[in-house]
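Take a look at the structure below.
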Amino acid sequence: MAQHGDMIQATISIRDNLPGKSVRPEAIAMNGKTIRASYGFTMGEGDRYPGEVAWIIDREDDAGRITWIAEGDLTDIREMV
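Numbering (our numbering), first residue to last: 86 to 166.
Below, the structure written as structure tokens:
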């Protein structure tokens with residue numbers, strides 16, 4: 086289970102199977118990009134993706150587009166030490 090201080094490297098793979106949820110164009114533009122990110126928080130019942138971890142994207146990797154991404158939109162996740 087992810088926790089404060091955890092860092093990962095992963096590839097953004099925006100899911101398209103969530104009925105009723107639109108994807109921000111900024112996120113689509115980053116689809117397929119490999120990023121580094123650190124643990125942000127685990128989303129609660131009132132959040133967009135309850136129970137998923139929100140990963141905070143490294144500033145060097147976000148290019149000003151998005152600041153966090155849900156774990157369900159990441160593949161090839163590797164822990165960084």
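Glycine included, C-beta positions come from ideal geometry on N, C-alpha and C.
Predicted model, so just to flag it, every value in this text is computed and none were measured.
As a beta-bridge residue in DSSP terms, Tyr124 pairs with Trp140. Bounds of the alpha helix (DSSP H) holding Glu111 are 110-114. Note that the C-beta distance between Ala95 and Ile120 is below 8 Å. Take Glu145, set aside five residues on each side of it, and the residues of its chain with a beta-carbon closer than 8 Å to its own are Arg121, in chain order.
The beta carbon of Asn116 sits closer than 8 Å to those of Ile97, Ser98, Ile99, all from its chain and outside the five residues before and after it, given in chain order. Per DSSP, the continuous beta strand (DSSP E) segment holding Asp161 begins and ends at 159-165. In summary, Glu156 is buried, with 16 or more beta-carbon neighbours lying within 10 Å of its beta-carbon over all protein chains present.
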